[in-house]
Ligand code: ADP
Ligand code: MG
Ligand code: ZN
């Protein structure tokens, strides 16, 4: 988690990233099926930079496209991660330097990108691998675009087929295979060929069927009354989180809900003392506190039935992550976002004032806010289709089953048989 922030400058994991990371760190083989743009790289880049008891040494990444590897290596170097690239048509010098670094006793690159051709054909590279292996410095093999291993797959590659040797030659080194395009047949074929039959399989969809997504226009004067009515009518006595942008707002909202509306609400933000945080956490866990008004991630341990965005989330990633805290038990839950364009000004200001992010990062963050604005302003397309499109996952709006305000045509929340919902969520 610390590495996620420090090295990759990200706030939270996307679905299955943490699962994949923990599995490979514990030495298991892993197969990750995730849409393009879903975030597969992090699944091996983060463990690659982790140094703990179980995971030491070099991560070898096999990837079919040199251009993509060059991109990734440059990206990693900019983040201060020691990564190198081996390919067949590189100048001899680069190769010799890289080779000596990998063979020496000194600090080694954390990630080594290599084409499958190089991996098999280069005697030199094979001897480096063998040496790392005997020294216990081979952390894992990563097979990106793993569908290329299968003759059933779309882009079968001759040189990928020989990857079946890895398990034979380096039986103790865990393998992680990742792809965006594999049906059941291709997946089983890849698993078979790589010899990772007992692997952890991560292939769940990003869709959260039990969440109802709702976006409403926000009027600063009435938003608290609306929040109260919503909780009172739909979630009386149930627990939930309200997200705000600033710590002042978050204190103010909690206070009003308490004093004016008699709700058991408390604020939670980064500037609270450790004691205050613990106290709030404890009262939430005991059920004494019903609603947390927060600016930041908050320890869970309790089933959350609703998540309200009092102000705009800062990206669709953040939105997905924050709404995703609701309904973890598979039972129906509601995600309600109050949108006004005025809130974007606050976000843009926060981004501009940040002293730690580069111009490039600021631009990215602003684009992320614009994507949220677009999401909120789009009152016709299914919310699920929109959210999942952000992760490049195709979704048929029919499968929403009227569980978003755009599909429900103004109808209020559909009351569902809870057990039926729970069964589907599994
Ligand atoms: P894939 O290989 O699955 O197609 P990438 O690993 O290239 O996808 O990631 C796609 C984009 O998603 C990148 O811009 C990356 O920075 C971003 N991304 C990955 N993980 C996260 C995360 N946890 N939070 C926010 N953005 C993420
Ligand atoms: Mg990728
Ligand atoms: Zn919908």
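In the working numbering, the protein residues as written are 77 to 502. Glycine residues also receive a C-beta, built at the ideal position from the N, C-alpha and C atoms.
Practice item. Would you check if the distance between the CB atom of residue 152 and the CB atom of residue 159 is smaller than 8 Å? Key: The residue you call residue 152 lines up with position 76 of the chain shown. The residue you call residue 159 lines up with position 83 of the chain shown. Going by C-beta atoms, residue 152 is nearer than 8 Å to residue 159.
Check your understanding: Given residue 409, which residues of its chain have a CB within under 8 Å of its CB, disregarding the five upstream and five downstream residues?
Key -> Counted from its first residue, the chain shown places residue 409 at position 333. Cβ within range, chain order: 286, 287, 288, 380, 381, 382, 383, 402, 403.
Review point. According to DSSP, is residue 414 helix, strand or coil?
Key: Looking up residue 414 in the chain shown gives position 338. DSSP places residue 414 in strand when its eight states are reduced to three.
Exercise for review: Examine the Cβ distances between the stretch 358 to 369 and the stretch 289 to 296 and report whether three or more of them are shorter than 8 Å.
Suggested key: no
Point to revise | Same chain only: Cβ atoms within 6 Å of residue 279, ignoring 5 sequence neighbours per side | key: The residue labelled residue 279 in the question sits at position 203 within the chain shown. Contacts found: 109.
Check your understanding: Going by the CB atoms, is the gap between residue 93 and residue 113 shorter than 8 Å?
Key -> Locating residue 113 in the chain shown gives position 37, where the first residue counts as 1. Locating residue 93 in the chain shown gives position 17, where the first residue counts as 1. In this structure, residue 93 does not lie closer than 8 Å to residue 113 by Cβ.
Check your understanding: From this set, 81, 90, 82, 84, which residue's C-alpha is nearest residue 399's C-alpha?
Key -> Residue 399 sits at position 323 when you count from the first residue of the chain shown. When each option's Cα is compared against that of residue 399, the closest is 90.
Review point. DSSP three-state call for residue 174: helix, strand or coil?
Key: As a working mapping, residue 174 is identified with position 98 in the chain shown. Note: residue 174 maps to helix in three-state DSSP.
Check your understanding: Taking C-beta to C-beta, are residue 124 and residue 208 nearer than 8 Å?
Key -> Here the question's residue 124 lines up with position 48 in the chain shown. Here the question's residue 208 lines up with position 132 in the chain shown. Cβ distance not < 8 Å, so residue 124 and residue 208 don't count as in contact.
Check your understanding: Ordered along the chain, which non-local residues of its own chain (more than five positions away) have a Cβ less than 7 Å from that of residue 232?
Key -> For the purposes of this step, residue 232 is identified with residue 156 of the chain shown, where counting begins at 1. Excluding sequence neighbours, residue 232 sits near 224, 226.
Check your understanding: Where do the ends of the beta strand (DSSP E) carrying residue 263 lie?
Key -> Translated into positions along the chain shown, residue 263 becomes position 187. Not the beta strand (DSSP E): residue 263 falls in the alpha helix (DSSP H), residues 260 to 270.
Check your understanding: Sorry if obvious, but does the Cβ on residue 482 come closer than 7 Å to a heavy atom of the ligand ZN?
Key -> One-based indexing of the chain shown puts residue 482 at position 406. Flag set: Cβ of residue 482 near the ligand ZN.
Review point. Do residue 184 and residue 163 have their C-beta atoms within less than 8 Å of each other?
Key: Counting from one through the chain shown, the residue named residue 184 turns up at place 108. Counting from one through the chain shown, the residue named residue 163 turns up at place 87. Contact flag unset, no.
Check your understanding: Going by alpha carbons, who is nearest to residue 84 out of 137, 157, 462, 107?
Key -> Taking the first residue of the chain shown as 1, we reach residue 84 at position 8. Nearest option by C-alpha distance: 157.
Point to revise | Cβ neighbour criterion (16 or more within 10 Å) applied to residue 437 | key: By 1-based counting over the chain shown, the position of residue 437 is 361. With fewer than 16 Cβ atoms within 10 Å of its Cβ, residue 437 is classed as exposed.
Review point. If we call anything under 8 Å between Cβ atoms a contact, is residue 136 one with residue 175?
Key: Counting from 1 along the chain shown, the entry for residue 136 is found at position 60. Counting from 1 along the chain shown, the entry for residue 175 is found at position 99. Their beta carbons are not under 8 Å apart, which means residue 136 does not touch residue 175 by this criterion.
Review point. How is residue 187 classed by DSSP in three states: helix, strand or coil?
Key: Here residue 187 corresponds to residue number 111 of the chain shown, with the count starting at 1. Here residue 187 sits in strand by DSSP.
Review point. Taking C-beta to C-beta, are residue 484 and residue 478 nearer than 8 Å?
Key: In the chain shown, counting from the first residue as 1, residue 484 sits at position 408. In the chain shown, counting from the first residue as 1, residue 478 sits at position 402. Contact: yes.
Point to revise | Backbone CA spacing between residue 447 and residue 96 [nearest angstrom] | key: In the chain shown, counting from the first residue as 1, residue 447 sits at position 371. In the chain shown, counting from the first residue as 1, residue 96 sits at position 20. When rounded, the distance between both Cα atoms is 27 Å.
Check your understanding: Just to confirm, are residue 267 and residue 239 a CB contact at a threshold of 8 Å?
Key -> Here residue 267 refers to the residue found at position 191 when the chain shown is read from its first residue. Here residue 239 refers to the residue found at position 163 when the chain shown is read from its first residue. No; because the gap between Cβ atoms is not below 8 Å, this pair is not in contact.
**Study point:** Euclidean distance between Cα positions of residue 82 and residue 442
**Key:** Taking the chain shown and counting its residues from 1, one reaches residue 82 at position 6. Taking the chain shown and counting its residues from 1, one reaches residue 442 at position 366. About 21 Å.
Practice item. Report yes if the C-beta of residue 365 is less than 7 Å from at least one heavy atom of the ligand ZN; otherwise report no. Key: As a first step, residue 365 must be located in the chain shown, where it is residue number 289. No - the ligand ZN has no heavy atom lying nearer than 7 Å to the Cβ of residue 365.
Review point. Taking 7 Å as the line, does the beta carbon of residue 116 fall inside it for any heavy atom of the ligand MG?
Key: Counting from one through the chain shown, the residue named residue 116 turns up at place 40. For the ligand MG, at least one heavy atom lies less than 7 Å from the Cβ of residue 116.
Review point. CB-CB under 6 Å to residue 192, same chain, minus the five flanking residues each way: which ones, in chain order?
Key: Position 116 of the chain shown, counted from the first residue, corresponds to residue 192. So the list reads 138, 235, 236, once near-sequence residues are dropped.
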